[in-house]
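*Asks:*
There are 2 protein chains.
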Amino acid sequence: MPVDLTPALCCAPLAAPALSDAQAVATAELFRALGDPARVKIVNLLATSDEPVCACDLYEPVGLSQPTVSHHLKKLSEAGLLHREQRGKWAYFSLNADALRRLAAVTDLKGACCS
Amino acid sequence: MPVDLTPALCCAPLAAPALSDAQAVATAELFRALGDPARVKIVNLLATSDEPVCACDLYEPVGLSQPTVSHHLKKLSEAGLLHREQRGKWAYFSLNADALRRLAAVTDLKGACCS
DNA sequence: TTGACATATCGATGCTCATCGATATCTTTC
DNA sequence: GAAAGATATCGATGAGCATCGATATGTCAA
């Protein structure tokens, strides 16, 4: 049974007493997932919406082509930040609230451990 | 007089109501600064130290060459996350507490604005 | 089954960047 | 001023990635 390597699940607070190499890699991957303006915009659009958002409603505000937006949605999903839901032929995305709680814990230098 | 474009100073919360292109770029740059395992380790080492840390004490725990660590220290400093202090021929680094408060605000989806 | 349409994947391209050895710059000491 | 040692910069290299057009895959309606 494979260990879950989703960055949002195995990262560790920046102020963790003893950060392992694997935790440093996972934490960096989580940050890198947010290290692109298009992905920041996507997260912002989802964060300011009460409901899941159709992928088709992201191309125009993000300002990139459909394949590129799909690529970014995949990156965010792989990092564990997004939830995907199929509605007919449309794909709806929403933020993974738990992952975002963990992200907030990572950046909290008061550093309560998130295990 | 130039506007301050330091990512840690002009980024915006992920849940900001209206995120401008410039804010998205600044926020992404801040995350990208933390999107490398070596830089996560450096921040972790500084976060777990009461006092500023000599650059010479970072090469071994980070596991990279002196030029590479210097490169990463520069990236973190450019993002506004680090403070550099010269002590004789040694360079001492510490976390910029204000920048880290802003980072925490960025990831806080309750989204109080950081202007 | 066929057509229409939304999304994902593929292949190519050009740019960014992490890394290192070599070297320059800076600071102190003699 | 010269030597020693710490850090920053330079130049090169290889890997990763953002982007797009073209195409494949998936979904529904008729």
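Chains A and R, in that order, are what the protein sequence lines are.
No gaps in the numbering here: position 114 of the first sequence is 113 in numbering that gives the first Met the number 0, and each next residue is one more.
No gaps in the numbering here: position 99 of the second sequence is 98 in numbering that gives the first Met the number 0, and each next residue is one more.
C-beta: ideal position from N, C-alpha, C; glycine also.
1. Taking three-plus beta-carbon pairs below 8 Å as touching, is the stretch 45–59 of chain R in contact with the stretch 92–100 of chain R?
2. Can you check whether the C-beta of ARG83 of chain A is within less than 9 Å of a C-beta belonging to chain R?
3. Measure the alpha-carbon distance for SER64 of chain A versus ASP107 of chain R and round it to whole angstroms.
4. State the DSSP-derived secondary structure class of GLU84 of chain A, mapped to helix, strand or coil.
5. Quick check: is the beta carbon of LYS74 of chain R nearer than 9 Å to any beta carbon in chain A?
6. Going by the beta-carbon positions, is the gap between VAL68 of chain A and LEU57 of chain A smaller than 9 Å?
7. Where does SER93 of chain A fall in DSSP's three states?
8. Which class does CYS55 of chain R belong to by DSSP, given the choice of helix, strand or coil?
9. In three-state terms, what does DSSP make of LEU18 of chain R?
10. In chain order, what residues of the same chain have a beta carbon less than 6 Å from the beta carbon of HIS70 of chain R, not counting five sequence neighbours either side?
11. If the cut is a Cβ gap below 9 Å, which residues of chain A does VAL24 of chain R touch?
12. Alpha carbon to alpha carbon, how far is PRO60 of chain A from TRP89 of chain R?
13. What is the residue span of the alpha helix (DSSP H) that LEU108 of chain A lies within?
14. Using the C-alpha atoms, what's the distance from ALA15 of chain R back to VAL52 of chain A?
15. Only counting the same chain, and skipping five residues up and downstream in sequence, which positions put a Cβ closer than 8 Å to that of LYS73 of chain R?
16. Rounded to whole angstroms, what's the CA-CA distance from ALA37 of chain A to GLY87 of chain R? Just pull it up for me.
17. Where does the unbroken alpha helix (DSSP H) through PRO66 of chain A begin, and where does it stop?
18. State yes or no: is the beta carbon of GLU50 of chain A nearer than 9 Å to at least one beta carbon in chain R?
19. Indicate the three-state DSSP secondary structure (helix, strand or coil) for PRO60 of chain A in the structure shown.
20. Considering PRO12 of chain A, what are the terminal residues of the alpha helix (DSSP H) in which it resides?
*Replies:* Considering the structure as presented:
1. yes
2. Indexing the first sequence from 1 puts residue 83 of chain A at position 84. With 9 Å as the cut-off, ARG83 of chain A does not count as an interface residue toward chain R.
3. The residue given as residue 64 of chain A occupies position 65 in the first sequence. The residue given as residue 107 of chain R occupies position 108 in the second sequence. When rounded, the distance between both Cα atoms is 29 Å.
4. Position 85 of the first sequence, counted from the start, is the residue given in the question as residue 84 of chain A. Three-state DSSP puts GLU84 of chain A in a strand.
5. The residue labelled residue 74 of chain R in the question sits at position 75 within the second sequence. Output row for LYS74 of chain R: interface = no.
6. Here the question's residue 68 of chain A lines up with position 69 in the first sequence. Here the question's residue 57 of chain A lines up with position 58 in the first sequence. Result yes, Cβ atoms of VAL68 of chain A and LEU57 of chain A sit closer than 9 Å.
7. On the first sequence, residue 93 of chain A is found 94 positions in, with the first residue counted as 1. Three-state DSSP puts SER93 of chain A in a strand.
8. To locate residue 55 of chain R, count along the second sequence from 1; it is residue 56. In the structure shown, CYS55 of chain R sits in a helix (DSSP, three-state: H, G or I).
9. Along the second sequence, one-based indexing puts residue 18 of chain R at 19. Coil.
10. Residue mapping note: residue 70 of chain R aligns to position 71 of the second sequence, counting from 1. Around HIS70 of chain R: no qualifying Cβ.
11. Here residue 24 of chain R refers to the residue found at position 25 of the second sequence. The contacting residues are PRO36 and VAL39.
12. Stepping through the first sequence from its first residue, residue 60 of chain A is reached at position 61. Stepping through the second sequence from its first residue, residue 89 of chain R is reached at position 90. Going from the Cα of PRO60 of chain A to the Cα of TRP89 of chain R covers about 48 Å.
13. Here the question's residue 108 of chain A lines up with position 109 in the first sequence. Premise fails: LEU108 of chain A is in no alpha helix (DSSP H) and is neither H nor E.
14. The residue you call residue 52 of chain A lines up with position 53 of the first sequence. The residue you call residue 15 of chain R lines up with position 16 of the second sequence. Each residue's alpha carbon lies about 17 Å from the other.
15. On the second sequence, residue 73 of chain R is found 74 positions in, with the first residue counted as 1. Closer than 8 Å at the Cβ level, and outside the excluded window around LYS73 of chain R, lies no residue.
16. As a working note, residue 37 of chain A is residue 38 in the first sequence. As a working note, residue 87 of chain R is residue 88 in the second sequence. Taking the straight line joining both Cα atoms gives about 44 Å.
17. Counted from its first residue, the first sequence places residue 66 of chain A at position 67. Counting along the chain, the alpha helix (DSSP H) containing PRO66 of chain A begins and ends at 65–77.
18. As a working mapping, residue 50 of chain A is identified with position 51 in the first sequence. No, because no Cβ of chain R sits closer than 9 Å to the Cβ of GLU50 of chain A.
19. Stepping through the first sequence from its first residue, residue 60 of chain A is reached at position 61. Of the three classes helix, strand and coil, the one that applies to PRO60 of chain A here is helix, per DSSP.
20. Here residue 12 of chain A corresponds to residue number 13 of the first sequence, with the count starting at 1. Premise fails: PRO12 of chain A is in no alpha helix (DSSP H) and is neither H nor E.
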